[in-house]
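These notes concern the structure reproduced below.
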Amino acid sequence: MNNTGTYGTIMVVDDTPANLKLLQDMLQAKGYLVRTFPRGAMALAAAANKPPDLILLDINMPEMNGFEVCERLKSDNALKDIPVIFISALSETEDKVKAFSFGGVDYITKPFHFDEVSARVETHLRLRRQQLELKELNALKDRFLGMAAHDLRNPLGAIMSFSVYLAEEFSPSLTESQAEMFDIIGKSSHFMLGLINNLLDVSVIESGHLNLDQQLIDIKALITRSVKINSVLTTTKNMTITVSCPEQLPQVFADPNKIEQIINNLISNAIKYSQPGTEITVTLCCDNNEVIISVADQGPGIPETEQHKLFKAFGKTTVRPTSKEESSTGLGLHIVKKIIEAHGGKIWFKSELAKGTEFFFSLPNK
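Okay, so the sequence shown: first residue is 0 according to numbering that gives the first Met the number 0, each after it adds one.
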């Protein structure tokens, strides 16, 4: 919130001087700092220079009406969250509905009563304060999450390295139960490392600092490498991965590391939730200006009542990995979706119980 004034700064936009004066006097008497403008273009320029905490906006104005002004405000990332209350002599329901469709938070009909104006202004300023406080707390949470995850990675790396060294060094003299303990340490450490890496990804994404190193990449070669990396997992479960791809496939403009992260996540998930002896199919195709990649399994499928959880942070369904040693953080698909959207692509899926699930994602073909 703007700290100028007792309660905040309010911008009033109306082409009628008497209305401007009346609202200014009313609101100043309540302790607000009021800035008045008779034209929409003037108000937009002033808001861009010094954003107010709330805008009272007339609809019927020459040159640029209130709907146009509000539309321009909402298209500007720096101004889009400023609450706009429309003030107008138009009292039809369709006018009010239109005002809300353009992004208004409230609608006051002329001639207005000051008690009503004051109550609505106070309510929306309070909501705006709460919104900013929550945004600040969320940013603080993301910073803490990133710092905590980053600081945990180094000692965890030491635990993993020393446990591997000790297991190999004393392997001949280890009892069966001791060997099992080292195995548990290794698997638990790898799960924790995956969780920490996911938390770091979420922290970067939620803070709006996801940077992409985009370049022209051969998506087919990248998928071939991912399949090879995951072949160790398929071997232990007697599974196969089939890749279906046309001979000619255009390059895509993307971050190769991030796209490989997406593909590895989808393939490893398919392996994780499928029964031994089944097949996973990776398909590539080109559709208009997009390259579409899909990963299909023959797993148990996802119940329709739980499918809404898939792309949410920490969203877990009742479907469980087929191996007791495997587990899920509930972050992977959330991260995948955010990375794909950052590339200008989309992700979707289809799933049928007892038949399997197929995830699709698209990338612009540039």
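No residue lacks a Cβ here, since even glycine has one placed at the ideal position from N, Cα and C.
inquiry  = Between L43 and V11, how many whole angstroms is the CB-CB distance? I'm expecting something under 8 Å.
reply    = Not a contact, Cβ separation roughly 14 Å.
query = With DSSP run on the structure shown, which of helix, strand or coil describes F190?
reply = helix
query = Could you give the distance in angstroms between the alpha-carbon of T5 and the alpha-carbon of T317?
reply = Residue placement at T5 cannot be trusted, given a pLDDT of 46 that sits under 50; what the coordinates show is reported in the next sentence. Going by the C-alpha atoms only, they are around 52 Å apart.
query = How close, in whole Å, do the beta carbons of S243 and G300 come, if the pair is a contact with beta carbons under 8 Å?
reply = So it is not a contact: roughly 21 Å between Cβ atoms.
inquiry  = For A341 and G65, what's the separation of their Cα atoms in angstroms?
reply    = 33 Å
query = What residue does the beta strand (DSSP E) around Q250 start on, and which one ends it?
reply = It is not in any beta strand (DSSP E) - Q250 carries neither H nor E in the DSSP assignment.
inquiry  = With a threshold of 8 Å, are at least 3 pairs of Cβ atoms found where one atom belongs to the segment 300-315 and the other to the segment 280-291?
reply    = no
key: Reference R128, options I339, I81, A98 and Q260, closest by Cα   = I81
query = How do the segment 192-204 and the segment 226-245 stand: do at least 3 beta-carbon pairs fall below 8 Å, yes or no?
reply = no
key: Cutoff 7 Å; reference G343; Cβ partners in own chain excluding five residues on either side   = P363
task = Closer than 8 Å by C-beta to S187: which residues in its own chain qualify, once you throw out the five before and the five after it? Chain order, please.
result = none
request  = State yes or no: is the C-beta of V83 nearer than 7 Å to some heavy atom of the ligand ADP?
outcome  = With respect to the ligand ADP, the structure shown offers nothing to examine, as it has no ligands at all.
ask   = Considering D105, what are the terminal residues of the beta strand (DSSP E) in which it resides?
value = D105 to T108
task = On a CA-only basis, which of F36, L211 and S267 is nearest T234? Give me that one, please.
result = S267
task = Pick out whichever of K271, R125 and D52 has its Cα sitting closest to the Cα of P320.
result = K271
message = Beta-carbon within less than 8 Å of K97's beta-carbon, same chain only, minus the 5 sequence neighbours each way: which residues are those?
response = F66
key: Of the listed residues V231, E289, D212 and E259, nearest to Q250 (C-alpha basis)   = E289
query = Is L265 near I218, with beta carbons less than 8 Å apart?
reply = no
request  = Flag this pair as yes or no: are the beta carbons of S160 and I184 separated by less than 8 Å?
outcome  = no
message = What does the alpha-carbon distance come out to for the pair I262 and C69?
response = 41 Å
key: Between the CA atoms of L131 and N137 - distance to the nearest angstrom   = 10 Å
When G314, L309 and G329 are compared against T356, the one with the closest alpha-carbon = L309
inquiry  = Once the 5 residues before and after K337 are set aside, which same chain residues still bring their CB inside 6 Å of it?
reply    = I204
ask   = Which value, in whole angstroms, describes the spacing of the CA atoms of E179 and L165?
value = 13 Å
message = So, with DSSP's three-state summary, where would you put R34?
response = strand
request  = Grab me the residues of N237's own chain with a C-beta within less than 8 Å of its C-beta, minus the 5 sequence neighbours each way, in chain order.
outcome  = P275 and G276
Per DSSP, cross-strand counterpart(s) of C284 = I291
ask   = According to DSSP, which residues form a beta bridge with D57?
value = I86
ask   = Helix, strand or coil for T277 per DSSP?
value = coil
query = In or out: S170 buried (at least 16 other Cβ within 10 Å) or exposed?
reply = exposed
query = With a Cβ-Cβ cutoff of 8 Å, do L26 and A46 count as a contact?
reply = no
message = So, at 7 Å on beta carbons, what are the nonlocal neighbours of E305 in its own chain, with the 5 sequence-adjacent residues on each side left out?
response = T316 and T317
message = Considering just the uninterrupted stretch of the beta strand (DSSP E) at T356, what are its terminal residues?
response = G355 to P363
inquiry  = Cutting at 6 Å between CB atoms, please list the residues of its own chain near T8, excluding the five before and the five after it.
reply    = N1, L32, P51 and D52
Terminal residues of the beta strand (DSSP E) in which L215 lies = Q214 to I216
key: Same chain, Cβ closer than 6 Å to I86, five either side skipped, listed in chain order   = L55, D57 and I107
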